[in-house]
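Have a look at the structure below before the remarks.
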Amino acid sequence: MSENTTIVIFGASGDLTSRKLVPALLHLYCKGRLPEGVRVVGSARRPWSDEQFREVLREHAEQFMGAAFDSALWPSFAARLFYVPGSLNELDDFRKLDRALVRLEGGPANRLYYLSVGPELYEAAIRNLAEADMARERDGCWRRVVIEKPFGRDRASARALNSVVHAAFEEHQVYRIDHYLGKETAQNILFLRFANTIFEPVWNRRYVDHVQISVTETVDVGHRAGYYDGSGVLRDMFQNHLLQLLSLVAMEPPASFEADAVRNEKAKVLSAIRPIALADTIRAQYRGYRDAEGVAPDSQTPTYAALRLYIDNWRWKGVPFYLRSGKALRAKASQISIQFQRPPHVMFDLPPDFKLIPNILAMCIQPDEGVHLKFQVKVPDSAQAMRPVDMEFRYQTAFNRESLPDAYERLLLDALQGDASLFARSDEIELAWGIIDPVIQGWEASPEVSPLLTYEPGTWGPEQADAFLAAEDRRWWHGCGDQMTEDEA
Ligand code: BG6
Numbered sequence: 026m027s028e029n030t031t032i033v034i035f036g037a038s039g040d041l042t043s044r045k046l047v048p049a050l051l052h053l054y055c056k057g058r059l060p061e062g063v064r065v066v067g068s069a070r071r072p073w074s075d076e077q078f079r080e081v082l083r084e085h086a087e088q089f090m091g092a093a094f095d096s097a098l099w100p101s102f103a104a105r106l107f108y109v110p111g112s113l114n115e116l117d118d119f120r121k122l123d124r125a126l127v128r129l130e131g132g133p134a135n136r137l138y139y140l141s142v143g144p145e146l147y148e149a150a151i152r153n154l155a156e157a158d159m160a161r162e163r164d165g166c167w168r169r170v171v172i173e174k175p176f177g178r179d180r181a182s183a184r185a186l187n188s189v190v191h192a193a194f195e196e197h198q199v200y201r202i203d204h205y206l207g208k209e210t211a212q213n214i215l216f217l218r219f220a221n222t223i224f225e226p227v228w229n230r231r232y233v234d235h236v237q238i239s240v241t242e243t244v245d246v247g248h249r250a251g252y253y254d255g256s257g258v259l260r261d262m263f264q265n266h267l268l269q270l271l272s273l274v275a276m277e278p279p280a281s282f283e284a285d286a287v288r289n290e291k292a293k294v295l296s297a298i299r300p301i302a303l304a305d306t307i308r309a310q311y312r313g314y315r316d317a318e319g320v321a322p323d324s325q326t327p328t329y330a331a332l333r334l335y336i337d338n339w340r341w342k343g344v345p346f347y348l349r350s351g352k353a354l355r356a357k358a359s360q361i362s363i364q365f366q367r368p369p370h371v372m373f374d375l376p377p378d379f380k381l382i383p384n385i386l387a388m389c390i391q392p393d394e395g396v397h398l399k400f401q402v403k404v405p406d407s408a409q410a411m412r413p414v415d416m417e418f419r420y421q422t423a424f425n426r427e428s429l430p431d432a433y434e435r436l437l438l439d440a441l442q443g444d445a446s447l448f449a450r451s452d453e454i455e456l457a458w459g460i461i462d463p464v465i466q467g468w469e470a471s472p473e474v475s476p477l478l479t480y481e482p483g484t485w486g487p488e489q490a491d492a493f494l495a496a497e498d499r500r501w502w503h504g505c506g507d508q509m510t511e512d513e514a
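Residues 26 to 514, numbered by our numbering, are exactly what the sequence shown covers, in order.
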């Protein structure tokens, strides 16, 4: 494979480029992971020169990377940065860009086009790439396109976008990013399940009581209110991140780790999800949301949702999966908790009101990444008292590292290496919308079944979400390890 490679970032003056893409590329460069002959070409409407682009990126890299910014290595990285101004709506600008790329490349080269722009510009960008003959693979070199979320705002628009994409690129050239899949801990779900033998035999309806997938955030919508008010939590978090996590937890073992083998299994799980009953959903908005700039004064947009769903297959029939996510909540935590069934018979002599905490396997995606197993032990010096304790694995201590690589590092590297296993395929995206669309439509059509509730910022969301689980003698787990123990107290 040719090492001569160009990464073209459309939307190079934007937030994502400075905050995520350039720091990730710089880290990869420092680790010697980028192809030898790599260059990064930014494009946006601002009339910058190469020099101005390098200056802006340096400033932002220092700001966002803090101590991790390597000023000694920056000049050699900066020498690989270039800028070509242009508009995504102008075919002529693509032709100019292509000529500039050909000059810089000096011969056959691979190209990764990264669409770090608003979704309203995806179609124009993709059409123009094809029209300017920049999408066709030739001379043994590849052309790939990375598309950020949101990928459509419902199934119909995702389908329409997929057909525009497929008119320009083959599916194997397309990398739809879901940054949750790039998180080390999300990838670890597959290793935990399929590189060990002790978990898989109990990973099913015979032993699992229920599964919780929870992504809680402390931030409110902040300056993104304009976008958020037209989307809401289901489109922003469930259609992509939560359903992707669910598919990793629930999928069958693929025969290989090859991209399509993995994605076939994920798609099968998504297609086995039973339509969600509106009565199994809770939606809420935090108090004060409507005061944010860009939010309609009578906005019905939920900033929190919790729902119960079922996967109708042999492994999971009858096991509830509870998903929840929200903004302005008490703590930031993304975690998956597998709660096992209680022992069928407890022979110990326990007080009548004793409530046995079942085994829980908690996978902490962030922060304090790790895996925890909760189980009962005998309290020393007691006759028959027992207490749950925690067996834990923490990335930080096990691998002696302060922080894990950012998801964008993994994903950029995989896209450069042509490994699409951590990217969503077109059918997964459409299946996920097929699960979410009816809920959003149902909320609009029958608001009385699941009315929009209000919750106080800094809490765990509406009380009704607790009552929802309590009615089945279950409860939300808000954190991993110690946090879980505190929750119990
Ligand atoms: C993004 C959403 O996809 O994910 C944001 O648009 C959300 O609203 C973010 O805050 C959460 O990502 P992370 O990595 O901070 O959990």
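Backbone N, C-alpha and C define an ideal beta-carbon position, used for all residues, glycine too.
- Residue Leu-271 holds the alpha-carbon nearest to the alpha-carbon of Leu-348 among Pro-476, Glu-290, Leu-271 and Lys-121.
- Taking all protein chains shown into account, Thr-241 has 16 or more neighbouring C-beta atoms within 10 Å of its C-beta and is therefore buried.
- For Phe-400, the uninterrupted beta strand (DSSP E) run begins and ends at 395-403, by DSSP.
- If the five residues before and after Pro-175 are omitted, its C-beta is found closer than 6 Å to the C-beta atoms of Pro-144, all from its own chain and listed in chain order.
- For Leu-477, the CB contacts under 7 Å within the same chain, skipping 5 residues up- and downstream, are Arg-308, Ala-309, Gln-310, Gln-325 and Pro-327 in chain order.
- Less than 9 Å separates the beta-carbon of Pro-482 from that of Asp-245.
- At a Cβ-Cβ threshold of 9 Å, Leu-398 and Glu-427 do not count as neighbours.
- Taking Ser-141 as the centre and dropping the five residues before and after it, the same chain places the C-beta of Ile-34, Phe-35, Gly-36, Ala-37, Gly-39, Leu-41, Thr-42, Leu-46 and Glu-173 closer than 8 Å to its C-beta, in chain order.
- Under the three-state reduction of DSSP, Thr-210 is assigned to helix.
- DSSP places Phe-346 in the uninterrupted beta strand (DSSP E) bounded by 346-351.
- Closest in C-alpha terms to Val-66, from the list Phe-89, Tyr-314, Asp-123 and Glu-28, comes Asp-123.
- In this structure, Gly-467 is the residue among Glu-28, Ala-125, Glu-115 and Gly-467 with its C-alpha nearest to the C-alpha of Leu-303.
- Non-local beta-carbon contacts of Thr-31 in its own chain, meaning distances under 8 Å to residues more than five positions away in sequence, involve Val-63, Arg-64, Val-65, Val-66, Leu-126, Leu-129, Glu-130, Ala-134, Asn-135, Arg-136 and Leu-137 in chain order.
- With a threshold of 8 Å, the Cβ atom of Ala-432 counts as near ligand 1, since some heavy atom of the ligand is closer than that.
- Exclusion of the five residues before and after Phe-365 leaves Val-227, Tyr-232, Val-233, Asp-234, Pro-383, Asn-384, Ile-385 and Leu-386 as the residues of its chain whose Cβ lies within less than 8 Å of its Cβ.
- Shown here for Trp-167: same chain residues with a beta carbon closer than 6 Å to its own, the five before and five after excluded, namely Asn-135 in chain order.
- Glu-87 is not a Cβ neighbour of Ala-292, given a cutoff of 9 Å.
- When secondary structure is reduced to three states using DSSP, His-235 falls in the strand class.
- Residues Asp-305, Pro-345 and Tyr-347 of the same chain have their beta carbon placed closer than 6 Å to that of Arg-333, with the five preceding and five following residues left out of the count.
- Per DSSP, Leu-381 lies in no beta strand (DSSP E) segment and is marked neither H nor E.
- When only Cα atoms are considered, Arg-180 and Asp-462 end up about 7 Å apart.
- Between ligand 1 and Glu-318, a heavy atom-to-CB distance of less than 8 Å is absent.
- Inter-residue distance for Gly-57 and Pro-368 is about 52 Å (C-alpha atoms, whole angstroms).
- In the three-state reduction of the DSSP assignment, Asn-135 falls in the strand class.
- Shown here, Gly-459 sits in a helix according to DSSP, grouped into three states.
- Judged by the Cβ position, Gln-391 qualifies as a neighbour of ligand 1 at the 8 Å threshold, a heavy atom of the ligand being closer than this.
- The beta carbons of Ile-214 and Leu-268 sit about 14 Å from each other, so the pair does not count as a contact at 8 Å.
- Contact between the region 403-417 and the region 184-192 is absent: fewer than 3 CB-CB pairs across the two stretches fall below 8 Å.
- Per DSSP, reduced to three states, the secondary structure at Phe-216 is helical.
- Three or more Cβ pairs closer than 8 Å define a contact, and the region 429-443 meets that threshold against the region 204-222.
- Bridge partners of Asp-323 according to DSSP: none are assigned.
- Around the beta carbon of Gly-504, 16 or more other beta carbons lie within 10 angstroms, which makes this residue buried.
- The beta-bridge partner set that DSSP reports for Asp-415 consists of Lys-399.
- Of the residues Ser-182, Thr-222, Arg-230 and Arg-169, the one whose Cα lies closest to the Cα of Tyr-200 is Arg-169.
- Under DSSP, no beta-bridge partner is assigned to Gln-88.
- Rounded to the nearest angstrom, the Cβ distance from Leu-106 to Phe-78 is 6 Å, consistent with a contact under 8 Å.
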